[in-house]
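As structure tokens, the structure follows; a few thoughts come after it.
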Amino acid sequence: MLQREYIQDLKNLVDQEVTLRGWLYNKRSSGKIRFLILRDGTGLCQCVVMKNAVDEATYNAADELTQESVFTVTGKVQATDKAIGGYEIFVSKIEVGQKSEEYPITPKEHGIEYLMEHRHLWLRSSRPWATLRVRDSLIHAIRDFFHDRGFICFDAPILTPNAAEGTSTLFETDYFDEGKAYLSQSGQLYGEAGAMAFGKIYVFGPTFRAERSKTKRHLNEFWMVEPEVAFMDLEGDMELAEDFVHYIVTRVLEERKNELAILDDGSGRLVARAEKVLKPFHRMHYDEAAKILDKYWDEKLASGEELPPTFKRFQYGDDFGAYDEVALTSQYDAPVIVHHYPAAVKAFYMKRDPNEPDKALAMDVLFPEFGEIIGGSQREDDLNELLKRLEEHQLPQSIFEWFLDLRRFGSVPHAGFGLGLERLVMWICELEHIREAIPFPRTLTRIWP
RNA sequence: UCCUGAGUAGCUCAGUUGGUUAGAGCAUCUGACUGUUAAUCAGAGGGUCGUAGGUUCAAGUCCUACCUCAGGAGCCA
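Per our numbering, the very first residue in the first sequence carries number 140; after that it's consecutive.
Written out as structure tokens, the structure reads:
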């Protein structure tokens, strides 16, 4: 083990002599003084090299270092308000490691295509660094939330024999002599089996959608967390979603304030926004949401304001489009839960409300100015109803036999939801595009690096 | 799948009604400066203008096709 301290721990090491190891993030100089910005993975630290304070080899080393070259620095930790992070190293010695030549990502701006082409290096820059640390915090918070409440982590298979919802396009691969296998587009059906075995479970894994989506909110490979609970109805589902979202967002606020400040240039905007994710969320029936949208678009159209060329006016019975979700949520600071969607626009496994047979016991959590981050429902637990749904959706009963068994043997009311991890990262970090919310995004036109 | 836009130096871009040797900043190299914050200042090198064809005395600029990418919609998390 090579001995060294980490930049994130410097606050406890003021006035002590330390050794740090890392890469050169940037360099500035003035006369006989050199400022080296060291990056060690935990943060950035300015290292000050004064000509009259070091030997000649160290002073020359400071000049030779290029961006992303490796070096080890020894010196005294000083508190200062002149340097990033609030601490700097007054250097006594530098050792140079591997030298980088012509590092492709410069401190100047780059286009998104170029950055994505160099994603493996771009990860070292401060914005991806901060974003992916927020993502890490969310992942831990998600697991802690469920673990603390007695949920079992229940992994669903990634290679599956059929489509969960039948409609979406699936990635296909050969599976020995069994014919075709498909990459999972949802762990939910398997999660239902888990809920009947363990009471409450959550599936958390990668999800694959072969849809030719081309928007800033879609990835073809993304991570989804899907809790499923036996003896829970739609009301309980909404409460769980609220508690869950509130908990994980709060954890990010506790653990990643520094990263959020990097992402909003210190304005505090991201923290202020996340702090408004308070329980309870605004809840509304689909009919109420439809009324709000009708009024909203009527006023917009009457005002003569120019609408985008792809704009389509919402009609009662439609699912919400991108413009509708933004319009609906922009009136609130906190997330909005819309429930009782028309059954016709929802998946076959969602239970219908006995009091409103044309509505599904479904709910979506919509985030302010953003849109859907959670979709969930109470599931159809009646065998005959489920068989009818399969027929209506023209799905073959044979491939769902094991799923139907869950209704034949001890069927109970149960519910769950799915949360798109990258969508939440995107909203919290206010990213322009979801591709920055995952280390190596897979989109319609990108599978490299 | 549909609609819109863009491809000029390693990167980000400018380039007028078609007109002499295609420009700037950053990056790289040389030099100056003892507290810099995308440091600054002086200098140097660096180009098949996405590809193919066409119009013209003359094309980075106009026309056609293709390729690639980006933005928007739908599908959804």
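Beta carbons are placed, not taken as given, at the ideal position from N, Cα and C, and that holds for glycine.
Indicate whether M377 and M489 have their beta-carbon atoms separated by less than 7 Å.
Against the first sequence, residue 377 aligns to sequence position 238. Against the first sequence, residue 489 aligns to sequence position 350. No, they are not a contact pair.
Y480 burial status per 10 Å Cβ neighbour count (16 or more: buried)
Position 341 of the first sequence holds residue 480. Its Cβ being crowded by 16 or more others within 10 Å, Y480 is buried.
Just curious, the beta strand (DSSP E) that V216 is in, first and last residue?
Residue mapping note: residue 216 aligns to position 77 of the first sequence, counting from 1. Residue range 209 to 218 is occupied by the beta strand (DSSP E) that includes V216.
Along the chain, where does the beta strand (DSSP E) that runs through M335 open and close?
In the first sequence, the residue the question calls residue 335 occupies position 196. M335 -> not in any beta strand (DSSP E); alpha helix (DSSP H) instead, spanning 327 to 337.
Find out if the Cβ-Cβ distance for the pair M423, V477 is shorter than 7 Å.
As a working mapping, residue 423 is identified with position 284 in the first sequence. As a working mapping, residue 477 is identified with position 338 in the first sequence. The answer is yes: Cβ separation under 7 Å.
Could you tell me if D463 is buried or exposed, where buried requires 16 or more neighbouring beta carbons within 10 angstroms of its beta carbon?
As a working note, residue 463 is residue 324 in the first sequence. It counts as buried.
Of the residues F284, L379, R351, G289, which one's Cα is nearest the Cα of V391?
Here residue 391 refers to the residue found at position 252 of the first sequence. The candidate whose alpha carbon is nearest that of V391 is F284.
My assumption, with CB atoms under 8 Å, is that R547 sits in contact with M255. Please give the rounded CB distance.
As a first step, residue 547 must be located in the first sequence, where it is residue number 408. As a first step, residue 255 must be located in the first sequence, where it is residue number 116. Wrong, their Cβ atoms sit about 49 Å apart, outside the cutoff.
Could you check the C-alpha separation between R143 and S265 for me, to the nearest Å?
Indexing the first sequence from 1 puts residue 143 at position 4. Indexing the first sequence from 1 puts residue 265 at position 126. For R143 and S265, the gap between their C-alpha atoms comes out near 22 Å.
Going straight from the alpha carbon of A441 to that of A466, what length do you get?
Here residue 441 corresponds to residue number 302 of the first sequence, with the count starting at 1. Here residue 466 corresponds to residue number 327 of the first sequence, with the count starting at 1. Roughly 16 Å separates the two Cα atoms.
Using 10 angstroms around the beta-carbon of T306, count the other beta-carbons present and answer buried if the total reaches 16, otherwise exposed.
Taking the first residue of the first sequence as position 1, residue 306 is located at position 167. Confidence in T306 is poor, its pLDDT being 49 and thus under 50, which makes the residue's placement too unreliable to answer from.
Within a Cβ cutoff of 6 Å, which residues of the same chain sit near D382, ignoring the five residues on either side of it in sequence?
As a position in the first sequence, residue 382 is number 243, starting the count at 1. Its chain contains no residue whose beta carbon lies nearer than 6 Å to that of D382 once the 5 sequence neighbours on both sides are disregarded.
Kindly indicate which three-state DSSP category P345 falls into: helix, strand or coil?
On the first sequence, residue 345 is found 206 positions in, with the first residue counted as 1. Three-state DSSP puts P345 in a strand.
If contacts are defined as beta-carbon pairs under 8 Å, then C163 and S231 qualify, I think. What distance do you get, rounded to the angstrom?
Within the first sequence, the letter at position 24 stands for residue 163. Within the first sequence, the letter at position 92 stands for residue 231. Here the sequence assigns Leu to residue 163, which means Cys is not the residue at that position. Going by Cβ atoms, the distance from L163 to S231 rounds to 18 Å, so no, they are not a contact pair.
Please report the distance separating the alpha-carbon of R173 from that of I251.
Numbered from its first residue, the first sequence carries residue 173 at position 34. Numbered from its first residue, the first sequence carries residue 251 at position 112. Note on geometry: alpha-carbon atoms of R173 and I251 lie some 32 Å from one another.
Buried versus exposed, by CB contacts within 10 Å (16 or more), A196
If you number the first sequence from 1, residue 196 lands on position 57. It counts as exposed.
Using the C-alpha atoms, what's the distance from G514 back to D520?
Stepping through the first sequence from its first residue, residue 520 is reached at position 381. Stepping through the first sequence from its first residue, residue 514 is reached at position 375. Each residue's alpha carbon lies about 18 Å from the other.
For H259, count the other beta carbons within 10 Å of its own beta carbon; 16 or more makes it buried, fewer makes it exposed. Which is it?
Your numbering for residue 259 matches position 120 in the first sequence. Exposed, because fewer than 16 other Cβ atoms sit within 10 Å of the Cβ of H259.
Cutoff 6 Å; reference I291; Cβ partners in own chain excluding five residues on either side
Sequence index remark: in the first sequence, residue 291 carries index 152 (1-based). Same-chain partners within the cutoff: F337, I340.
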